[in-house]
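Here's the structure we're looking at; comments come further down.
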Amino acid sequence: MAVRQESYEWAGGELQHILFLRYVVRSRGPMMSGVWIGIRTQFASGDKTSYTCWPPASACSPYGSWYNKKWVVYEDSLRLLREHYCLDQPVPSGCALEVAPYWVGLKLLTPAGAQGVTLALWDWAPVHPARDTDAERYALMSSGTVADPSQFLPEASDPVELLALGPFATLAPGDSVVVSFALVGGPDASSIRDRARLAQLMFDNGYDRATPVATSLLASRADPDCVHLVWYTPEAGFRARVERRESSEPWRSIAEVAADPSGELVFDDRSVVPGHRYQYRLAFRDGGGTAYTDETELLVPPRPSTSITSVRWSGHGRQVEIGFALPRGASAQLMLLDPSGRLVAARSLEQPAAGKGSAVLEVRGKLAPGVYFVRLTQGADLNVRRVVLID
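Residue numbers (this note's numbering): 774 to 1164.
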């Protein structure tokens, strides 16, 4: 048996976040039956800039050594396995998404047809006694069962994930079977889904963006101050109007967009109100009339309140890493106070982004064990959290 891997990727636009993997398996021996083909992988993700050494170690970051807990989700309708590295268990509350915000996904592109799908997960530390031979792994791959990721919590090191398609009825000498996957990355679950759909669109059209397909939505994201939308069109020079409405109100045109050289139409709506729900579509000329894309609906999330979300001591009390949320991108200040109100450490946040963030306060000298208070202020907003330092 011979296996050939082909990889495809594009620079720019949404496609820069996708890697296409095509596997061609050719029989060089006797007739084979019941063949399964899959990927066994370990993903690595996290904030590399949070470490002053590599590989990550507890001594060079307030976050500890490796991110060896995973939040794994499988979406059967998309045949998409997506996962997020977590700082700690339980999942997902211990994930600390602000520390390692990016998701990664593995999508099966080849239609299942008469075949089934296998999804399996197990710990790698560095080997699993029931998974350390090819025969054992193939038996697992050919089981045709989809594990429930919510029931899997890794005990140590990096979990291994396996996604496979099969069985293919027969493979005669000289015959080949082709199975394709896509690796996708993104800052949140919705972007992973959108890029998985784009990968499927590319696969279905022979990896040719010039293949005539309907103008369609590629990506969407709603933040408290902005809705971000990306459509794709195969038509060069394509122009359209962005229309928006709330609930049952009439549609109204709010902007004009034009396709860039990659075929993407990008629009950022900064006139949204937090907590409101909006519908969007494109309107464009089609022959002698007007045509529209499918509608997409997004709920704009409320602005976060000024709050301290986490506190983590390190360096034997000489550092404290503080997670926080800010409602707007204005200057803020973090302070560490002792029980008498004496200032122990402080840090100004001159240009923070709205939303979740983190910062480290450096303490001069060694603090005595006891109760301390973390204070976060932004304008008139104030949040105080009580923390305990244990020797």
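Glycine included, C-beta positions come from ideal geometry on N, C-alpha and C.
Residue i - containing beta strand (DSSP E), residue span
| i | result |
| --- | --- |
| residue 1092 | 1092-1099 |
| residue 935 | 932-944 |
| residue 1045 | Residue 1045 -> no beta strand (DSSP E), and no H or E assigned at all. |
| residue 1128 | 1128-1135 |
| residue 954 | 949-959 |
| residue 1140 | Counting along the chain, residue 1140 falls outside any beta strand (DSSP E), and DSSP gives it neither H nor E. |
| residue 1026 | 1025-1031 |
| residue 1013 | 1012-1018 |
| residue 1162 | 1154-1162 |
| residue 1168 | Here the chain covers residues 774 to 1164 and nothing more, so residue 1168 does not appear. |
| residue 893 | 889-896 |
| residue 877 | 876-881 |
Residues near residue i in its chain [Cβ-Cβ closer than 7 Å; skip 5 each side]
| i | result |
| --- | --- |
| residue 1035 | 785, 786 |
| residue 868 | 844, 857, 859, 860 |
| residue 1125 | 1099, 1102, 1105 |
| residue 1144 | 1112, 1159, 1161 |
| residue 964 | 992, 994 |
| residue 1151 | 1079, 1099, 1103, 1105 |
| residue 893 | 913, 920, 935 |
| residue 917 | 889, 891 |
| residue 1114 | none |
| residue 1156 | 1079, 1080, 1081, 1149 |
| residue 1013 | 1030, 1038, 1055, 1056, 1057 |
Residues sharing a beta bridge with residue i, DSSP
| i | result |
| --- | --- |
| residue 1116 | 1110 |
| residue 805 | 944 |
| residue 1086 | 1093 |
| residue 778 | 796 |
| residue 996 | 999 |
| residue 857 | 844 |
| residue 785 | Its beta-bridge partners do not exist; DSSP assigns none. |
| residue 1062 | 1059 |
| residue 813 | 935 |
| residue 1080 | 1098 |
| residue 864 | DSSP output for residue 864 lists no bridge partner at all. |
| residue 904 | Bridge partners of residue 904: none, in fact. |
| residue 1150 | 1106, 1155 |
| residue 852 | Answer by DSSP bridge pairing: none, since residue 852 is not bridged. |
| residue 990 | 1004 |
| residue 1053 | 1017, 1069 |
Residue i, enclosing alpha helix (DSSP H) - first and last residue
| i | result |
| --- | --- |
| residue 970 | 962-977 |
| residue 913 | 907-914 |
Nonlocal neighbours in the same chain, by C-beta distance under 8 Å from residue i, ignoring five residues either side
| i | result |
| --- | --- |
| residue 1064 | 1056, 1057, 1058 |
| residue 983 | Low confidence applies to residue 983: its pLDDT is 47, below 50, so where it sits in the model is not reliable enough to give any reading. |
| residue 1019 | 1049, 1050, 1051, 1052 |
| residue 910 | 813, 904, 935 |
| residue 1092 | 835, 1086, 1133, 1134, 1135, 1136 |
| residue 999 | 1041, 1042, 1043, 1045 |
| residue 1118 | 1093, 1108, 1109, 1134, 1135, 1136, 1137 |
| residue 1075 | 997, 1047, 1048 |
Own chain partners of residue i with C-beta closer than 6 Å, once the 5 adjacent residues on each side are dropped
| i | result |
| --- | --- |
| residue 990 | 1004, 1069 |
| residue 985 | Its pLDDT being 42, under 50, residue 985 is placed unreliably in this model, and the coordinates cannot settle the point. |
| residue 795 | 779, 953 |
| residue 1083 | 1096 |
| residue 855 | 846, 876, 878, 965 |
| residue 1164 | 1142 |
| residue 799 | 775, 949 |
| residue 806 | 943 |
| residue 1199 | Outside the displayed range of the chain (774 to 1164) lies residue 1199, so it cannot be described from this structure. |
| residue 1017 | 1027, 1051, 1053 |
8 Å contact criterion, which residue i and residue j should meet: CB distance rounded
| i | j | result |
| --- | --- | --- |
| residue 1015 | residue 1028 | 4 Å |
| residue 938 | residue 973 | Not really, about 14 Å apart at Cβ, beyond 8 Å. |
| residue 941 | residue 882 | Contact flag wrong, Cβ pair sits at about 16 Å. |
| residue 968 | residue 851 | With a Cβ gap of about 11 Å, residue 968 and residue 851 do not count as contacting. |
| residue 1095 | residue 1107 | 6 Å |
| residue 791 | residue 971 | 7 Å |
| residue 956 | residue 853 | Contact flag wrong, Cβ pair sits at about 11 Å. |
| residue 1149 | residue 1081 | 5 Å |
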